[in-house]
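*Asks:* Which chain is which? The protein sequence lines are A and B, in order.
The working numbering applies: residue 1 is where the first sequence begins, and numbers increase by one.
The working numbering applies: residue 335 is where the second sequence begins, and numbers increase by one.
All C-beta atoms, glycine included, are put in the ideal place defined by N, C-alpha and C.
In this text, all values refer to a predicted model and were calculated from it rather than measured experimentally.
Once you've had a glance at the structure underneath, I'll fire off some questions.
Protein chains: 2
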Amino acid sequence: MINHLAIVGATGAVGREACDILTGRGIEPERISLLASSRSAGTLIPVGGTDLPVLELAEDSFAGVDYAIFSAGGDRSKQYASVATAAGAVVIDNSSAFRMDRDVPLVVPEVNPGDLAVHNGIIANPNCSTIIMNVAVWPLHKVNRVERMVISTYQAASGAGAAAMEELRSQTGDYLADRPIKPGVFPSQCAFNLFSHNTPIGPDGYNTEERKMIDETRKIFHDPAIAIGVTCVRVPVLRAHSESINLTFEKPITAGEVRDILASAPGVEVVDDVEARRFPMPIDASGRDDCMVGRIRQDVSQPDGRGIELFVCGDQLRKGAALNAIQILELLAS
Amino acid sequence: MINHLAIVGATGAVGREACDILTGRGIEPERISLLASSRSAGTLIPVGGTDLPVLELAEDSFAGVDYAIFSAGGDRSKQYASVATAAGAVVIDNSSAFRMDRDVPLVVPEVNPGDLAVHNGIIANPNCSTIIMNVAVWPLHKVNRVERMVISTYQAASGAGAAAMEELRSQTGDYLADRPIKPGVFPSQCAFNLFSHNTPIGPDGYNTEERKMIDETRKIFHDPAIAIGVTCVRVPVLRAHSESINLTFEKPITAGEVRDILASAPGVEVVDDVEARRFPMPIDASGRDDCMVGRIRQDVSQPDGRGIELFVCGDQLRKGAALNAIQILELLAS
């Protein structure tokens with residue numbers, strides 16, 4: 001039962017997706033407050049057949065709110081999450097601000113819903129690439145521990161927000177028309193190009209996105225020893241993320257066993273038709289709730305039978321962000 | 335000394351690149367025959383300031399030819415390579431037709447030039463993704479054996495030829511203009527999408543492109559035991575391939591050692607400026623001879639210090655195909 005839901009960052013790509021998902025899942029709070037910066041105040045956003053006006057986010061925005069989904073960036077979360085919890089709301093935060101805090105549950109509902117039992121008013125929604133990989137790997141890890149993963153991502157523009165998606169479109173149009181390329185949201189040309197994920201690089205050589213995938217997975221899986229090597233790359237795709245994942249299990253496992261486990265795993269659709277040559281693709285994963293998993297095969301580079309390779313695509317805006325947050329909301333409110 | 339050079343498939347993306355590279359490297363055969371199918375006969379292609387007409391490839395095309403570069407697909411190579419060698423030519427074949435033949439050298443000049451010493455008239459040019467990875471990994475393997483690699487590729491449209499590059503451009507234009515998408519060269523939408531490499535999949539679950547990277551590397555490195563797990567993916571980039579590579583060495587090695595080795599390796603440019611956030615990108619690698627290597631870091635998932643992660647970009651049409659063939663030509667003719 002939800003009396004009053006606030007969506008902070010309602011005009012962003014994730015916020016809009018959340019508004020859309022609410023309706024589809026039949027979630028009908030008594031009241032919804034769409035909040036954003038003053039710049040966006042007054043914008044109308046359709047929620048369940050009604051156009052709701054966006055209100056300016058302020059200190060008094062959370063009076064009477066019982067749940068608030070934050071998707072407005074880490075700074076906004078740091079500034080307003082405590083305001084919301086002080087007003088009595090439970091915050092589901094999509095930023096990275098609180099994910100690694102010891103007293104903040106970091107939850108993928110298909111993996112660790114039990115972690116929602118104890119919290120201090122803030123629940124963190126994991127990084128999009130983390131969620132998509134976790135949904136595919138957890139069902140396997142549960143039955144045969146994954147000792148090590150090597151991941152390479154193919155991340156869509158949507159991960160950097162609505163303006164980044166628009167930049168990919170408009171810059172690609174400029175490229176095709178031989179107009180000069182002006183990078184804006186991204187530091188480098190995104191049209192017909194790809195680049196190492198543009199987050200800061202730490203002293204160990206890993207960028208923040210890669211570090212998130214490592215640290216968050218360890219927290220979500222309750223397995224601080226799982227070894228993860230990862231390279232995060234931005235590709236000129238609009239909205240679904242892809243990941244090439246190489247797994248080393250504790251015990252031998254076959255591709256058939258992996259396929260069987262994933263076929264009945266929640267949030268997973270196995271798309272692995274060698275005959276029809278149908279495998280996960282971002283355009284197919286876009287707008288879908290399930291993460292698609294395919295190219296499941298025994299890794300020939302691990303002759304002891306403990307290696308599996310697979311390829312995953314998941315909608316970054318849905319399961320990678322808004323859907324996961326709303327699934328958390330459903331669990332909290334049920 | 336080259337008297338008469340034939341370029342078979344002169345109107346294709348690789349053939350045209352070969353014509354361009356010849357001039358740049360000061361290679362001036364007495365005579366050049368540009369050969370292609372009857373459909374392309376009469377086309378004029380600039381070679382060293384002169385427009386040369388394309389002639390129809392036929393049984394009598396190789397009279398007097400001493401070297402022939404074939405880039406017209408495996409079927410054409412199977413049909414005409416023996417015709418060329420019977421006429422006395424040495425064939426440098428860019429197709430996969432002969433690569434794994436025991437008596438055909440498979441050569442990356444930076445890696446195994448010595449293999450050119452013995453041949454039966456045919457030299458095979460390796461797969462583009464193989465070459466680009468080999469140039470980056472061989473200098474390391476030479477000093478500290480690579481036991482295992484896990485590779486994920488980000489392959490440009492150019493690998494499927496000039497028509498595929500044009501399809502990516504035109505289909506992207508269609509997408510942006512909301513016109514219907516009609517896949518042609520590629521079986522799936524390439525605009526703002528990516529997909530598992532569209533080569534046939536064998537009984538072990540690996541597609542032909544992946545299998546080539548494994549088998550060819552073992553042959554080129556003279557190391558049949560090197561373990562390679564690989565996933566090949568086509569991305570909406572026009573002409574340079576990228577590869578995310580995770581290495582396991584026999585003995586511990588540091589990122590600094592790797593950077594030092596690669597800094598003086600032939601055919602490699604280290605582009606790894608964490609400060610300026612400059613790393614390899616396909617648009618920078620396009621039109622360049624060297625393969626760019628960056629994101630060099632100790633793999634945190636291999637705590638014994640034997641793991642390194644890196645990211646490589648190389649021009650698929652140049653080092654991945656035409657340039658490598660011409661480097662072989664130079665070695666043969668020197």
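Let me see if you follow: with CB-CB separation under 8 angstroms, is residue 318 of chain A close to chain B or not?
*Replies:* no
*Asks:* Are three or more beta carbon pairs between the region 198-205 of chain A and the region 144-155 of chain A nearer than 8 angstroms?
*Replies:* no
*Asks:* Taking 8 angstroms as the CB-CB limit, is residue 154 of chain A close to chain B?
*Replies:* Yes, because at least one Cβ of chain B sits closer than 8 angstroms to the Cβ of residue 154 of chain A.
*Asks:* With a cut-off of 8 angstroms, do at least 3 Cβ pairs link the region 343-351 of chain B to the region 494-506 of chain B?
*Replies:* Short answer: they touch.
*Asks:* Can you tell me where the beta strand (DSSP E) holding residue 342 of chain B begins and where it ends?
*Replies:* 338-342
*Asks:* Output yes if chain A places a C-beta closer than 8 angstroms to the C-beta of residue 626 of chain B; else output no.
*Replies:* no
*Asks:* List, in order along the chain, the chain B residues whose C-beta lies closer than 8 angstroms to that of residue 204 of chain A?
*Replies:* 631, 632 and 634
*Asks:* Does residue 254 of chain A pass the burial test, meaning 16 or more other C-beta atoms within 10 Å, or should it be called exposed?
*Replies:* exposed
*Asks:* Looking at the C-beta of residue 615 of chain B, does it have a partner C-beta in chain A at a distance below 8 angstroms?
*Replies:* By this cut-off, residue 615 of chain B is an interface position.
*Asks:* Can you give the Cα-Cα distance for residue 533 of chain B and residue 568 of chain B, rounded to whole angstroms?
*Replies:* 11 angstroms
*Asks:* I'd like to check one pair, residue 646 of chain B with residue 737 of chain B: are the Cβ atoms closer than 8 angstroms?
*Replies:* Because chain B is modelled from 335 through 668, residue 737 of chain B falls outside the range shown and cannot be assessed.
*Asks:* Report yes if the CB atom of residue 466 of chain B is closer than 8 angstroms to the CB atom of residue 653 of chain B, and no otherwise.
*Replies:* yes
*Asks:* Is residue 461 of chain B closer than 8 angstroms to residue 546 of chain B when the C-beta atoms are compared?
*Replies:* yes
*Asks:* By the 10 Å Cβ neighbour count, where 16 or more other Cβ atoms means buried, how is residue 531 of chain B classified, buried or exposed?
*Replies:* Result: buried.
*Asks:* So, is residue 143 of chain A buried or exposed, given that buried needs 16 or more other C-beta atoms within 10 angstroms?
*Replies:* Residue environment for residue 143 of chain A: exposed (fewer than 16 other C-beta atoms within 10 angstroms of its C-beta).
*Asks:* Taking only three categories from DSSP, how would you classify residue 468 of chain B?
*Replies:* Of the three classes helix, strand and coil, the one that applies to residue 468 of chain B here is helix, per DSSP.
*Asks:* Looking at chain B, is there any beta carbon in it that lies within less than 8 angstroms of the beta carbon of residue 194 of chain A?
*Replies:* yes
*Asks:* Taking beta-carbon pairs under 8 angstroms, can you tell me which members of the region 656-667 of chain B lie near chain A?
*Replies:* none
*Asks:* Which residues does DSSP list as the beta-bridge partners of residue 482 of chain B?
*Replies:* Note: residue 482 of chain B sits in a beta bridge opposite B:561 and B:582.
*Asks:* Going by C-alpha to C-alpha distance, which of B:517, B:359 and B:440 sits closest to residue 452 of chain B?
*Replies:* B:440
*Asks:* Quick check on residue 222 of chain A: buried or exposed, where buried means 16 or more other Cβ atoms within 10 Å of its Cβ?
*Replies:* exposed
*Asks:* To be precise: take each residue of the region 532-561 of chain B, compare its Cβ to all Cβ atoms of chain A, and keep it if any distance is under 8 angstroms. Which residues remain?
*Replies:* 532, 535, 538, 539, 540, 548 and 561
*Asks:* Buried or exposed for residue 219 of chain A, going by 16 or more other Cβ atoms inside 10 Å?
*Replies:* buried
*Asks:* Between which two residues does the alpha helix (DSSP H) holding residue 173 of chain A run?
*Replies:* According to the DSSP assignment, residue 173 of chain A belongs to the alpha helix (DSSP H) that extends over 162-176.
*Asks:* Pick out whichever of A:174, A:231 and A:193 has its Cα sitting closest to the Cα of residue 342 of chain A.
*Replies:* With chain A represented from 1 up to 334, any question about residue 342 of chain A goes unanswered, as that position is not in the structure.
*Asks:* Quick one: does residue 308 of chain B have its CB under 8 angstroms from some CB of chain A?
*Replies:* Lying before the first or after the last residue shown, residue 308 of chain B is absent from chain B, which here runs from 335 to 668.
*Asks:* If I measure Cβ to Cβ from residue 359 of chain B and keep anything under 7 angstroms in the same chain, skipping five residues before and after, which residues do I get?
*Replies:* 660
*Asks:* What residue range is occupied by the uninterrupted beta strand (DSSP E) comprising residue 270 of chain A?
*Replies:* From DSSP, the beta strand (DSSP E) with residue 270 of chain A extends over 268-270.
*Asks:* Thinking C-alpha only, which one of A:55, A:67, A:31 and A:42 is nearest residue 334 of chain A?
*Replies:* A:67
*Asks:* State whether the region 608-622 of chain B contacts the region 185-197 of chain A, with contact taken as three or more CB pairs (one from each stretch) at a distance under 8 angstroms.
*Replies:* yes
*Asks:* Output yes or no for whether 8 angstroms exceeds the beta carbon distance between residue 604 of chain B and residue 596 of chain B.
*Replies:* yes
*Asks:* Label residue 340 of chain B either buried or exposed according to how many other C-beta atoms from any shown protein chain fall within 10 Å of its C-beta, with 16 as the threshold for buried.
*Replies:* buried
*Asks:* Output the distance between the C-alpha atoms of residue 459 of chain B and residue 433 of chain B, rounded to the nearest integer angstrom.
*Replies:* 7 angstroms
*Asks:* What are the residues that DSSP puts in a beta bridge with residue 647 of chain B?
*Replies:* B:576 and B:626
*Asks:* Quick one: measure Cβ to Cβ for residue 28 of chain A and residue 4 of chain A, integer angstroms, because I've assumed they're closer than 8 angstroms.
*Replies:* Actually they are not in contact, since the Cβ atoms of residue 28 of chain A and residue 4 of chain A sit about 12 angstroms apart, beyond 8 angstroms.
*Asks:* For a cutoff of 8 angstroms on Cβ pairs, would you count residue 307 of chain A as touching chain B?
*Replies:* yes
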